[in-house]
Amino acid sequence: MSLKNLHRKAFWLFFASAFLFLVSLIGIIALFGVTIRASVVEVSALLSLLFAWIMTRHAESPSEEIRQWKAQELADEAWRLFLLSNPVGWLVWLW
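Going left to right, the sequence shown walks through residues 751 to 845 as my numbering numbers them.
1. Could you say which of L756, L796, H757, K820 lies nearest to F769 if we only look at CA atoms?
2. Just the C-alpha distance for Q818 and L756, rounded to the nearest angstrom, thanks.
3. Look at the alpha carbon of A828 and the alpha carbon of S774, and state the distance between them as a whole number of angstroms.
4. Among residues of its own chain, excluding the 5 on either side of L800, which ones have a beta-carbon nearer than 8 angstroms to its beta-carbon?
5. Beta-carbon within less than 6 angstroms of S798's beta-carbon, same chain only, minus the 5 sequence neighbours each way: which residues are those?
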């Protein structure tokens, strides 16, 4: 996977996760009131995805392959964290 494709994937994952975060936050507030713990985990997952996106753009690794590998690993981990912390994410994962 080229760095450009990896950057595009991280970019869309970030915006998809931001959308799912807003939808789930509205759902949590509507159904259960404010749940702080879930929101904190989701925000940390969003920040991880943002960091993965930044890393694909500005990583200072000696090799492009190492930079791609690190960015891909971080993006995958952030996506897994988001899916596990988000009830809407479970539906996306099952779909």
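Where a beta carbon is used, it is the ideal one built from N, C-alpha and C, also for glycine.
Judging by the given coordinates:
1. Position 19 of the sequence shown, counted from the first residue, corresponds to residue 769. The residue with the shortest Cα to Cα distance from F769 is L796.
2. Counting from one through the sequence shown, the residue named residue 818 turns up at place 68. Counting from one through the sequence shown, the residue named residue 756 turns up at place 6. The alpha-carbon atoms of Q818 and L756 are separated by roughly 7 angstroms.
3. As a working mapping, residue 828 is identified with position 78 in the sequence shown. As a working mapping, residue 774 is identified with position 24 in the sequence shown. In a straight line, the C-alpha of A828 is about 17 angstroms away from that of S774.
4. For the purposes of this step, residue 800 is taken as residue 50 along the sequence shown, with counting starting at 1. Closer than 8 angstroms at Cβ, skipping near neighbours: F764.
5. As a first step, residue 798 must be located in the sequence shown, where it is residue number 48. Here the set comprises A828.
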